[in-house]
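Below is one structure, written out as structure tokens; the observations come after it.
Protein chains: 2
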Amino acid sequence: MADKLKQLKAALGEVYDLGKAAAVLEWDQQAYMPPGGAAGRAEQTATLRSLEHGKFTAAKIGRWLTELKKEYRRAAPESDEAALVRVTARAYDRATKVPAALVAEISRATTLAHEHWVEARRQKNFKLFEPYLENIFALQLKVAKCFGKQESPYDALLDGYEPGMKASQVRAVFAELRREIVPLVKAISARPESDDALLHRDYAEQKQWDFGLEVIQKLGYDLQRGRQDKVVHPFCTSFNTGDVRITTRVDKNFLPTCLMGTIHETGHALYEQGLDPRFERTPLCDSASLGIHESQSRMWENLVGRSRAFWKIWYPRLQAVFPENLGGVDLDTFYRAINKVKPSYIRVEADEVTYNLHTMLRFEIEVDVLEGRLAVKDIPATWNAKYNEYFGHEVTDDAAGCLQDVHWSMGLVGYFPTYTLGNIISVQFYDQAVKDNPSISGDLERGEYGSLLKWLRENVHRHGRKYLPTELIKRVTGSGLDSKPYIAYLKRKYSEVYGL
Amino acid sequence: MADKLKQLKAALGEVYDLGKAAAVLEWDQQAYMPPGGAAGRAEQTATLRSLEHGKFTAAKIGRWLTELKKEYRRAAPESDEAALVRVTARAYDRATKVPAALVAEISRATTLAHEHWVEARRQKNFKLFEPYLENIFALQLKVAKCFGKQESPYDALLDGYEPGMKASQVRAVFAELRREIVPLVKAISARPESDDALLHRDYAEQKQWDFGLEVIQKLGYDLQRGRQDKVVHPFCTSFNTGDVRITTRVDKNFLPTCLMGTIHETGHALYEQGLDPRFERTPLCDSASLGIHESQSRMWENLVGRSRAFWKIWYPRLQAVFPENLGGVDLDTFYRAINKVKPSYIRVEADEVTYNLHTMLRFEIEVDVLEGRLAVKDIPATWNAKYNEYFGHEVTDDAAGCLQDVHWSMGLVGYFPTYTLGNIISVQFYDQAVKDNPSISGDLERGEYGSLLKWLRENVHRHGRKYLPTELIKRVTGSGLDSKPYIAYLKRKYSEVYGL
């Protein structure tokens, strides 16, 4: 049996290397590739991804897993070997249950849908996208059916991003969250608007870059095992635990783009740098889920990076870098500016409070379509009604409404909730960290981030993909997914910011 | 048969993609990878290279080739299909004739040899390296024997870098070259030494970088299909004809390092950018050989970039960039400085004239060892005697002598001649270009490089690996490999520089 495990590990190592090699090519494509390289690069990446998939879904892997599952049936859930078999078997099932013909059909459909989405958005006309989106949802429903009977077809899709999570769980925590956030947004909207003009002054790009690098090194990002490069759409990528890279963009006329984006990606990177190197070249050397990943980026970006404690330390330094812009601006004004809440159409530009309403709206629409309660043709009307209900004003057109996101055109259904799950989990974890080690709060006030990072390393990062997200939350906090701590955090913080 | 060719091409496309993906990883490793990424990257590159090799040497490829060779036996040598079959079959033979066990043994031996070479060079003591080098040569002899009976075992090794070239051909042209260069070096050594102190002044790195980029774009390097990055050991690499990258290093206190290095790598890059895109994803989308590749880098670096015509155009611009260093230096002084000839121990620092003596010396030693006329233990004595004969002074120690190059420790035997073959071929091609299009000389005088590049594109670049190097030389110049034009060039140029 040790032999089978060894063979499995060797095969998984090859799969891992192919996937990571593809990730290097994808990183290079965003960061450095000259325009002429696109066609050849598409071939290269497709070849690597196809070999990766083919080698992972090989029948022999299925056979080894079947035998190993029996062998490790009674092993403790903490056993690395048992976890490897469990997690790999789960991923193998997902990768093999959808027939290749359906995968190919989806690939063709999304290529087509993406083109038509671009045009529909340009023309602000959902009708142009409608038939392609109908097809996307129909195909995603087929995918869901491949996984057998479920509470909701949504579960099968969500499981691809948030393993083990059910739509019913998400629905419950989101309902509670919505009940609290909608009135909070209304109360804030009734208060005088914060002035964030100071963030739109002329901020030299290199200075923004250097300040961001200074901050994230202090947060614990290890540049011996990472680097930062400039791209159009920022992301974090990992080639192994010794090489975890972030990417950033800089807006000369909006300070938070670079700085808060850099801290956000660093949150992701700290997670990947903290994975247990013993898991390298196996499926365990990965995040537990997108939601858990997002909990890390949101924690560092929002709970740390947009906190008063953080800026008490860093604001004088930032003023010294940009004296001409910030010399005459006091800490409180700056703090309120970077925490300005204002309902707006576009999700990716939303603040910490209204952001969640955007994801909930999409989640509700996706579930209703998949469960047959909403026709694709009625998405715009439903979107606009919900938007008005949650945000308190009307959507002007489809480009500012249901056509704004790229996700559906790419076949990503079941993905949006992970953003808000990340917010919710970030506060569950943070509260637990402070409970376990009360000195963390004081450390953060002093600009010392090591104790928080140490707690995260020990309780979250090092486990990688060993536990399902809900299991991990349970292990860490003793309870299930729970939006209450997040609601309490938002109310506490923004009551103070807006004097509610 | 069309089906077989199609299948073969599909399989070769996958092999090509794997090789190019590995090249991206290798480029990143030199240019951007953080130190922590090394271990994981080694695994990833090894996986890609091993898959590339495994897929290329698959038995089915051998079967297809056997059948296709019959089919295309009577096709014109110009036929792309016939060339694909011919070139692929040749590469397949080379890749499959050496048993995997011998490849693995060489890999182990070179890893070991490399370590001991580093230590031996540090201690300037050949004895520490001797047993490992004995083993390397013994293993290379075994490799040579895998290819059956040859005029010389050297031929089988040389063929890996310079397909179809024979040691006897190299020996003949080198002998002629040596006869002419040794006296030329002596004559130059008898003249007053050129003063190149001006090249060692303080040259701001960014300005050097920018000037180099300005020059190479004018030479025809397309930055829409390429880019330049900083590394420790410069090289050129290609991921496809739309993405050909060069790398450069900058020495603040020696101007030619960046500038001439940049032009050298650009010569390689112009070749790769000029390959016929129809050959993409096949073995034809490659250079004809290392020697032909080097002919392109040397032509642009030396025949163009170290010519008086070049500097008549560019020197005023360079003076404008570095007025504090060059404002008071006239063109003639600068020209003599960048063409300074001085015998020295180290090949990689050698000038255009003495460089060839370095490679010849190594070639002669390699041939003598492989043909059994020289024992490895006697290499230092032979090296030092030859050095004294060719350069006119004594070698001080093994580090400045036979331990200076990394090649042997890596198992690269048969490689050195390609450097000088490149020099020889560069002048054969250049002379032919001017003969075919006499306006090229005048264009170069005016700083117009398009007509030379056009000729190279048409006569050399676009053919890729379609013809063997000797066939290509024959097609282009009507004659065989010939050192006379190169000798004439050196004599003409350096007689003028040194007033001989």
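Protein chains in written order, with my numbering: chain A, 3 to 502; chain B, 3 to 502. All C-beta atoms, glycine included, are put in the ideal place defined by N, C-alpha and C. Remember, it's a predicted structure, so these values are computed and weren't measured experimentally.
Where residue i falls: helix, strand or coil (DSSP)
{"i": "Glu244 of chain B", "result": "Note that residue 244 of chain B is Gly in the sequence shown here, rather than Glu. Gly244 of chain B: coil per DSSP, three-state reduction."}
{"i": "Asp288 of chain A", "result": "coil"}
{"i": "Pro77 of chain A", "result": "Looking at the sequence shown, residue 77 of chain A is not Pro but Ala. Reduced to three states, the DSSP call for Ala77 of chain A is coil."}
{"i": "Gln406 of chain B", "result": "coil"}
{"i": "Glu354 of chain B", "result": "coil"}
{"i": "Gly307 of chain A", "result": "coil"}
{"i": "Phe431 of chain B", "result": "helix"}
{"i": "Ile442 of chain B", "result": "helix"}
{"i": "Leu277 of chain B", "result": "coil"}
{"i": "Tyr347 of chain B", "result": "coil"}
{"i": "Thr398 of chain B", "result": "coil"}
{"i": "Asn327 of chain A", "result": "helix"}
{"i": "Phe365 of chain A", "result": "helix"}
{"i": "Ala377 of chain B", "result": "coil"}
{"i": "Gln17 of chain A", "result": "The displayed chain sequence assigns Val, not Gln, to residue 17 of chain A. In the structure shown, Val17 of chain A sits in a helix (DSSP, three-state: H, G or I)."}
{"i": "Asp334 of chain A", "result": "helix"}
{"i": "Tyr317 of chain A", "result": "helix"}
{"i": "Pro37 of chain A", "result": "helix"}
{"i": "Ala60 of chain A", "result": "coil"}
{"i": "Asp224 of chain B", "result": "coil"}
{"i": "Lys8 of chain B", "result": "helix"}
{"i": "Lys254 of chain A", "result": "coil"}
{"i": "Leu502 of chain B", "result": "coil"}
{"i": "Arg300 of chain A", "result": "helix"}
{"i": "Lys342 of chain B", "result": "coil"}
{"i": "Tyr389 of chain B", "result": "helix"}
C-alpha distance - residue i paired with residue j, whole-angstrom precision
{"i": "Leu414 of chain A", "j": "Trp457 of chain A", "result": "33 Å"}
{"i": "Glu83 of chain A", "j": "Ala140 of chain B", "result": "45 Å"}
{"i": "Ala206 of chain B", "j": "Gly228 of chain A", "result": "28 Å"}
{"i": "Lys57 of chain A", "j": "Gln9 of chain A", "result": "13 Å"}
{"i": "Thr250 of chain B", "j": "Val306 of chain B", "result": "19 Å"}
{"i": "Lys220 of chain B", "j": "Arg310 of chain A", "result": "54 Å"}
{"i": "Val355 of chain B", "j": "Thr98 of chain B", "result": "39 Å"}
{"i": "Glu447 of chain A", "j": "Thr422 of chain A", "result": "27 Å"}
{"i": "Ala383 of chain A", "j": "Asn461 of chain A", "result": "44 Å"}
{"i": "Arg110 of chain B", "j": "Ala158 of chain A", "result": "49 Å"}
{"i": "Arg193 of chain A", "j": "Lys493 of chain A", "result": "15 Å"}
{"i": "Gly214 of chain A", "j": "Leu201 of chain A", "result": "15 Å"}
{"i": "Gly239 of chain B", "j": "Val378 of chain A", "result": "Reading off the sequence shown, one finds Thr at residue 239 of chain B, where the question assumed Gly. Cα to Cα, Thr239 of chain B sits roughly 49 Å from Val378 of chain A."}
{"i": "Asn2 of chain B", "j": "Tyr317 of chain B", "result": "The shown model of chain B, from 3 to 502, leaves out residue 2 of chain B, and the question about it has no answer."}
{"i": "Asn261 of chain A", "j": "Gln210 of chain A", "result": "According to the sequence shown, residue 261 of chain A is Leu rather than Asn. Straight-line Cα distance between these residues: approximately 7 Å."}
{"i": "Asp438 of chain A", "j": "Leu272 of chain A", "result": "20 Å"}
{"i": "Glu28 of chain A", "j": "Thr47 of chain A", "result": "8 Å"}
{"i": "Arg76 of chain B", "j": "Lys22 of chain B", "result": "33 Å"}
{"i": "Pro279 of chain B", "j": "His465 of chain B", "result": "10 Å"}
{"i": "Arg338 of chain A", "j": "Ile248 of chain A", "result": "27 Å"}
Which residues DSSP lists as bridging residue i, in chain order
{"i": "Asp231 of chain B", "result": "B:Thr249"}
{"i": "Thr239 of chain A", "result": "A:Arg247"}
Under 8 Å from the C-beta of residue i: neighbouring residues of chain D
{"i": "Thr49 of chain A", "result": "No chain D is present in this structure, whose protein chains are A and B."}
Near the ligand MN: residue i beta-carbon under 6 Å from a heavy atom
{"i": "Ser196 of chain A", "result": "Absent from the structure shown: the ligand MN. Ligands present: none."}
What ranges does the alpha helix (DSSP H) occupy inside the segment 132-210 of chain B, keeping only unbroken runs of at least 4 residues that lie completely in it?
132-148, 155-160, 169-191
Cβ contact check for the segment 237-250 of chain A and the segment 27-39 of chain B: 3 or more pairs under 8 Å
yes
Given 8 Å as the limit, is there contact between the segment 198-214 of chain A and the segment 246-258 of chain A, that is, 3 or more CB pairs closer than that?
yes
Can we say the segment 125-141 of chain B touches the segment 399-414 of chain B, given the rule of at least three CB pairs closer than 8 Å?
yes
Output the residue ranges of the alpha helix (DSSP H) runs that lie fully inside the segment 451-496 of chain B and measure 4 residues or longer, sorted by chain position.
452-461, 471-479
Any contact of the segment 143-160 of chain B with the segment 259-273 of chain B, i.e. 3+ C-beta pairs under 8 Å?
Cβ pair count under 8 Å is below three, so no.
Would the segment 86-100 of chain A and the segment 347-367 of chain A be scored as touching if the rule is three or more Cβ pairs under 8 Å?
no
For the pair the segment 284-296 of chain A and the segment 320-333 of chain A, tell me if three or more CB-CB distances fall below 8 Å.
The answer is no - the segment 320-333 of chain A does not touch the segment 284-296 of chain A, with fewer than three Cβ pairs under 8 Å.
Which full runs of the alpha helix (DSSP H) of 4+ residues lie inside the segment 101-130 of chain B, going along the chain?
102-125
Spell out a yes or no on whether the segment 176-193 of chain A and the segment 296-306 of chain A are touching, meaning 3 or more CB-CB pairs, one atom from each, closer than 8 Å.
no
Are three or more beta carbon pairs between the segment 49-56 of chain B and the segment 427-441 of chain B nearer than 8 Å?
no
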